[in-house]
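Trainee: Under the numbering used here, the first residue of the sequence shown carries the number 90, and numbering increases by one thereafter.
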Amino acid sequence: MLPRQSVLNESVWGKSRGLDPALPPYPLVRHLLDTAAMALHLWDVYLVGNQRARIAEGVGLVGELDRARALVGLCAGLHDIGKLSGFQFCSRRAALFLSSDLTAGSERMSTERAGHDVAGMTAAAEVLEVLGFEDDEKTGAAERVAEIIGGHHGRFHLLENGVGPDFLGGALWAGQRAAHATAVHDALGAPAAPGSFEASAAVLVTGVVILADWLVSQEGYLRQRQRTLDPSLTDHFRRVQADAATLLRDAGLAPVELVRKDFAEAYGIAGEPNPLQQSVMDELLAAVGAGSRGGIMLVTAAPGDGKSEAALEAERILSKAFGTHGYAFLLPTMATSDQMHDRVARALSNQSGEDAGLTLVHSMAWLSRAYADEDLDGEAVVTCDGDEAPAGRRRREADMRPGRWLRGSKRPLLAQFAVGTIDQALMAVLPVRHNALRMLALSNKTFIVDEAHAYDPYMQVLLGRLLNWLGFYGVPVVLLSATLPRSVGDRLIKEYLRGAGHKPKALKGQSFPAPYPGWLYVDGETGRCAQISRDRQIQQARTRNMRLGVDVERVVHGGEGGVADRIAVIGRLLDPVARGDGGTALVVCNTVGDAQETYLRIREGIDGRSHEEGGVVQLLHARFPGDVREERTAEVTEGLGRSGPRPVRRIVVATQVVEQSLDLDADIVISDLAPLSLLLQRAGRCWRHENYWQRHGYPDGRGRPGWADGPRLVVLDPLVGGGRVPVQWGEVYSEHLLGRTSRKLAEVEGGGIAIPEDVQGLVEAVHGGGGDFDWDAPGGTREAKAWAEHTGMETAERSMAALRAVPRARQVRELHDLHSLEGEEDEWEVSTRLGADSVRLLCAYAQGDGLLTLDVAGTQPLPEADARGRMPAASVRQVMRRTIPVRADWFRDAGPDALSPPSSWVEHPMLGDVRVLRQPVLRGESQAVKVGDKTLSLDQDLGLVRF
């Protein structure tokens, strides 16, 4: 029986916290209308054509975009219908404003504790029936709308896990739910129920609902509307429709049209585009044709060949063809993301895109110099009023909103242009809160992934799953790589095509080999392939043609000065830099400990001065405090960058942080043995800018030193002559891949490597899919064991990713499938990198009087939070910039309070998770601290030392 509709009662409140306490709370019906109006504006302005088409298609309204638009507005307008329940009594002050007929007999409503999202999901069927939505097994439209209502706080629920009838109240409350829903329905022109509602389309609709809710829930906007309520709901709806454009623009989400400039002016690069870039500019448009469901592009070229600019040129064409707004540019690490953010910012500025939303997207992005301290305090969003804090999770969430609107938690991907780590995108296909919002953000822009080879099997599966969803939504994708095995490229392309609708059986026998160097484009709808023309490919190969000299040195770690002692070998190789004509050298180590030892020993033999003192030898790795690492990265990049000034002598000792996307040029690269694809990446920092300098002149007019007659990679190989992988390397790299690399290097040593001609063949020889078990190999050999461990680990990683990831886009039946893993609540509980559990360590100084400080001199006390756990954002930033990411298992044996943060930090959303190493200060010097069976100390020159 349908609920009897009541006269709408505006004493039912929707928002209270943070508003003017002298006025009644903001009426629920007004908030519902606000959200519906904003959803309509998002449909018109924020969503792109493919998003609108996929939603219309998913609700059986192909070609009827206006009806699909109204339906999205209705879903948004009903999102908080569950607040017509016991929710009304979760705020004593707000409940005082309820009319007496609603408060009468309400005792039973307030005894149960439940979220209003779940309450809305439970009540939706009855409400929608009033609006003419009659569900049957074929359509399921009302159930889908109920799932969307239940998921508007970022997490989908099972329909059967609803709330009890007491919480929803009696007939009077049911009548109010019907009245509120009817008011929204009428304002939208009474949209009819759709004939169907596919789950994948509902994911996008949920994203729109969440975003619309957030935009109209900003405190400033709510307080303004609270003070000036319009006399009628019709006037109110008309006014909020007029306000929507300003809200979207002020949030930095209104798309900005760039003034496209020519290549040199757009990127600030002297000269003409190289043949690879020119090919994209001249030939890609014809390849794209009239495609309507996106496409995937793979760009392959050696490090330093301008793949980033080629991708941005491809984005111009793809965005125009498929109507996307801007792009997401994703990279492997925070350091590479920071650098790319600077490059993209310059490119946007050069194309009059200063007003475009550009965000840096990674977990510590707000610590970057890109954001000034005054940008950290932004307007809060009243997302709920306390009815759904998960049991046992008491940490306050209102204080740390690091930035203006777009720099708040979970919002940065929504910007028109986003640069960040791939992890932020991969969370769209993990069962974390607000994954639907991430999917909305990613599906309205071109998706660019740099260093596509840099991800392990676990991340490859997650990336493939994300590409599947992007293929379903028709999102254009660009993958960049210097060393991607064809088997991996094939898997990623096929996942995209499966999402676009191609059958797995039809794809099974297909292969998508990409030319090297060059590009391959595969149309999402037809699967048709196009690639760089043969002439342009040959021109690119000639432009970048280089023979990389490769020498292998047998080394012994800890050889104590013997002929093969690793440090002695490095010293001999560096002698021309240290004592001869000078020049630049890059020494890449596999562990931080090796880098620290190498730096100390090499520095002692040259000028004895530290990095901080301006010595010849510099040190860069990931275990420096954030602010120090940022400064050192800038110093290294400036000294070995393209524009100079170039030092007379410079030796940089580093770890893998220099492998990817850092624009460095050294006269010689010396590297520990690593898998071949990574050695090629490291070698990409050798003579990287030679062709450019040949055309435009060397920095300061000084060329290469006399001893550097060609690019040279020296590999320090401990496996030569039957040696073993050093114990301190642990599980950094697979012993199987190291062994295959060592054997392949023995074949090419002396002859060198032709760049780019030999690159793909070498990658396939070591990393290709031909590593089947050798049945003829003697049982129990080291090679056989290493192969078994390697393949077992890869299989386990892929299986773990498949278990954790959400289903493919076309396999979702219920929206709860996106959150089906028990206990997975938020980003910190699901890792995008297997085995990557880490914590942030603050190395503080315990002064003699017990004061904890950020500096050894004792002049900067640790900031304290107030009684409510709040702290100025700039103070939080000051602390977090001094933290270091370290493995969580370092502290497995530490006592429960050994590294605990100050008591006032415990409930702070950022500082509460920080581990604090309290280093005693004696006679002005910090002392090492024993943690478990290891000792830790922050050295100003070496970074965090662990021994």
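Where is the CB? At the ideal position from N, CA and C, for every residue including glycine.
In this text, all values refer to a predicted model and were calculated from it rather than measured experimentally.
Just the C-alpha distance for Val995 and Phe1036, rounded to the nearest angstrom, thanks.
Mentor: The residue labelled residue 995 in the question sits at position 906 within the sequence shown. The residue labelled residue 1036 in the question sits at position 947 within the sequence shown. The alpha-carbon atoms of Val995 and Phe1036 are separated by roughly 29 angstroms.
Trainee: Report the rounded CA-to-CA distance for Cys179 versus Asp444, giving the unit in angstroms.
Mentor: Indexing the sequence shown from 1 puts residue 179 at position 90. Indexing the sequence shown from 1 puts residue 444 at position 355. The straight-line gap from Cα to Cα measures roughly 41 angstroms.
Trainee: Can you grab the Cα-Cα spacing for the pair Leu503 / Gln513, in whole Å?
Mentor: As a first step, residue 503 must be located in the sequence shown, where it is residue number 414. As a first step, residue 513 must be located in the sequence shown, where it is residue number 424. Roughly 12 angstroms between the two C-alpha positions.
Trainee: Whole angstroms are fine: how far does the CA of Ala282 sit from the CA of Ala214?
Mentor: For the purposes of this step, residue 214 is taken as the residue at position 125 of the sequence shown. For the purposes of this step, residue 282 is taken as the residue at position 193 of the sequence shown. Taking the straight line joining both Cα atoms gives about 12 angstroms.
Trainee: Taking only runs that begin and end inside the segment 514-584, name each unbroken beta strand (DSSP E) of 3 or more residues, in chain order.
Mentor: Entirely contained in the segment 514-584, the beta strand (DSSP E) runs reaching 3 residues are, in chain order, 535-538, 566-570.
Trainee: Between which two residues does the beta strand (DSSP E) containing Ala935 stretch?
Mentor: Numbered from its first residue, the sequence shown carries residue 935 at position 846. Taken as a continuous stretch (DSSP letters only), the beta strand (DSSP E) holding Ala935 covers 927-935.
Trainee: How about Arg690 and Ile740: are their beta carbons less than 8 angstroms apart?
Mentor: Here residue 690 refers to the residue found at position 601 when the sequence shown is read from its first residue. Here residue 740 refers to the residue found at position 651 when the sequence shown is read from its first residue. No, the Cβ-Cβ distance between Arg690 and Ile740 is not below 8 angstroms.
Trainee: Between the segment 683-699 and the segment 830-847, can you find at least three pairs of beta-carbon atoms closer than 8 angstroms?
Mentor: No, the segment 830-847 does not touch the segment 683-699.
Trainee: Reducing DSSP to helix, strand and coil, say where Gln1029 ends up.
Mentor: Position 940 of the sequence shown, counted from the start, is the residue given in the question as residue 1029. Here Gln1029 sits in coil by DSSP.
Trainee: I need the DSSP call for Gly1013, collapsed to helix, strand or coil.
Mentor: Position 924 of the sequence shown, counted from the start, is the residue given in the question as residue 1013. DSSP places Gly1013 in coil when its eight states are reduced to three.
Trainee: Report the rounded CA-to-CA distance for Gly811 versus Ala835, giving the unit in angstroms.
Mentor: Taking the sequence shown and counting its residues from 1, the one referred to as residue 811 is at position 722. Taking the sequence shown and counting its residues from 1, the one referred to as residue 835 is at position 746. Rounded to the nearest angstrom, the two C-alpha atoms are 13 angstroms apart.
Trainee: Mind listing, in chain order, the continuous alpha helix (DSSP H) runs of no fewer than 4 residues lying wholly within the segment 241-312?
Mentor: Qualifying alpha helix (DSSP H) stretches, in chain order: 254-257, 260-276, 288-304.
Trainee: My assumption, with CB atoms under 8 angstroms, is that Val298 sits in contact with His241. Please give the rounded CB distance.
Mentor: Here residue 298 is taken as the residue at index 209 of the sequence shown, counted from 1. Here residue 241 is taken as the residue at index 152 of the sequence shown, counted from 1. That pair is a contact at about 5 angstroms.
Trainee: So for Phe178, helix, strand or coil by DSSP?
Mentor: On the sequence shown, position 89 is the one that residue 178 refers to. Helix at Phe178.
Trainee: Looking at the strands, I want to know which residues DSSP matches up with Leu420.
Mentor: Residue numbering aside, residue 420 sits at position 331 when the sequence shown is read from its first letter. For Leu420, which the question treats as bridged, DSSP gives the partners Thr510.
Trainee: Could you pull out every residue in the same chain whose Cβ sits closer than 6 angstroms to the Cβ of Arg698, ignoring the five residues on either side in sequence?
Mentor: By 1-based counting over the sequence shown, the position of residue 698 is 609. Closer than 6 angstroms at the Cβ level, and outside the excluded window around Arg698, lie Gly704.
Trainee: Would the beta-carbon of Pro952 fall within 8 angstroms of that of Thr942?
Mentor: What you label residue 952 is simply residue 863 of the sequence shown in a count that begins at 1. What you label residue 942 is simply residue 853 of the sequence shown in a count that begins at 1. No. Outside cutoff.
Trainee: What separation, rounded to the nearest whole angstrom, lies between the Cα atoms of Trp262 and Ser438?
Mentor: What you label residue 262 is simply residue 173 of the sequence shown in a count that begins at 1. What you label residue 438 is simply residue 349 of the sequence shown in a count that begins at 1. About 54 angstroms.
Trainee: For Leu805 versus Lys833, is the C-beta distance shorter than 8 angstroms?
Mentor: Here residue 805 is taken as the residue at index 716 of the sequence shown, counted from 1. Here residue 833 is taken as the residue at index 744 of the sequence shown, counted from 1. For Leu805 and Lys833, no; Cβs fall outside 8 angstroms.
Trainee: Leaving out the 5 sequence neighbours to the left and right, which residues in its chain are closer than 6 angstroms to Ala898 when beta-carbon positions are compared?
Mentor: On the sequence shown, position 809 is the one that residue 898 refers to. Answer for Ala898: Ser289, Asn557, Trp558, Phe561, Gly588, listed in chain order.
Trainee: Just grab the DSSP bridge partners of Val641 for me.
Mentor: Walking along the sequence shown from the start, residue 641 turns up at place 552. DSSP lists Val804 as partners of Val641.
Trainee: In the DSSP assignment, what residue or residues form a beta bridge with Asp612?
Mentor: Here residue 612 refers to the residue found at position 523 when the sequence shown is read from its first residue. Looking at the DSSP assignment, Asp612 forms a beta bridge with Gly384.
Trainee: For the beta strand (DSSP E) that contains Pro974, what are its first and last residues?
Mentor: Your numbering for residue 974 matches position 885 in the sequence shown. Start and end: 972-976.
Trainee: Mind checking which residues open and close the alpha helix (DSSP H) that includes Ala128?
Mentor: Start at 1 with the first residue of the sequence shown, and residue 128 comes out as number 39. Ala128 -> alpha helix (DSSP H) spans 117-130.
Trainee: Just list the residues that DSSP pairs Val1034 with in beta bridges.
Mentor: If you number the sequence shown from 1, residue 1034 lands on position 945. Looking at the DSSP assignment, Val1034 forms a beta bridge with Ser1026.
Trainee: Once DSSP output is grouped into helix, strand and coil, what is the label at Gln749?
Mentor: As a first step, residue 749 is located in the sequence shown; it is residue number 660 there, counting from the start. The answer is coil: DSSP assigns Gln749 none of H, G, I, E or B.
Trainee: Do you know whose CA, among Asn524, Thr535, Lys583, lies nearest Val550's CA?
Mentor: Translated into positions along the sequence shown, residue 550 becomes position 461. Cα-wise, what sits closest to Val550 is Lys583.
Trainee: Taking the C-alpha atoms as reference points, what is the distance between Arg636 and His700?
Mentor: By 1-based counting over the sequence shown, the position of residue 636 is 547. By 1-based counting over the sequence shown, the position of residue 700 is 611. Cα to Cα, the separation comes out at about 33 angstroms.
Trainee: Count the other CB atoms within 10 Å of the CB of Asp761; is the residue buried (16 or more) or exposed (fewer)?
Mentor: One-based indexing of the sequence shown puts residue 761 at position 672. Classification for Asp761: buried.
Trainee: Whole-angstrom Cβ separation of Asp123 and Arg316, contact assumed at under 8 angstroms?
Mentor: For the purposes of this step, residue 123 is identified with residue 34 of the sequence shown, where counting begins at 1. For the purposes of this step, residue 316 is identified with residue 227 of the sequence shown, where counting begins at 1. Not a contact, Cβ separation roughly 15 angstroms.
Trainee: Taking the beta strand (DSSP E) that Ile759 belongs to, which residues open and close that run?
Mentor: Here residue 759 refers to the residue found at position 670 of the sequence shown. Looking at the DSSP string, the run of the beta strand (DSSP E) that includes Ile759 is 757-761.
Trainee: When DSSP labels each residue in this structure, what does Gly481 get in the three-state scheme?
Mentor: Within the sequence shown, the letter at position 392 stands for residue 481. For Gly481, the predicted model reports a pLDDT of 37, less than 50, meaning its position is unreliable; a value from the coordinates is still stated below. Coil, per DSSP.
Trainee: Should Val995 be listed as close to the ligand SAH, given that the test is whether its C-beta is under 7 angstroms from any heavy atom?
Mentor: Although the ligand SAH was asked about, the structure shown includes no ligands whatsoever.
Trainee: State the CB to CB distance for the pair Leu277 and Leu173, rounded to an integer number of angstroms; the pair is presumed to be in contact (CB under 8 angstroms).
Mentor: Residue mapping note: residue 277 aligns to position 188 of the sequence shown, counting from 1. Residue mapping note: residue 173 aligns to position 84 of the sequence shown, counting from 1. That pair is no contact at about 19 angstroms.
Trainee: Under 8 angstroms between the Cβ atoms of Tyr610 and Met386?
Mentor: As a first step, residue 610 must be located in the sequence shown, where it is residue number 521. As a first step, residue 386 must be located in the sequence shown, where it is residue number 297. Yes. Within cutoff.
Trainee: For Ala208, which of Arg266, Gly229, Ala183, Glu223 has the nearest alpha-carbon?
Mentor: Your numbering for residue 208 matches position 119 in the sequence shown. When only C-alpha atoms are compared, the closest one is Arg266.
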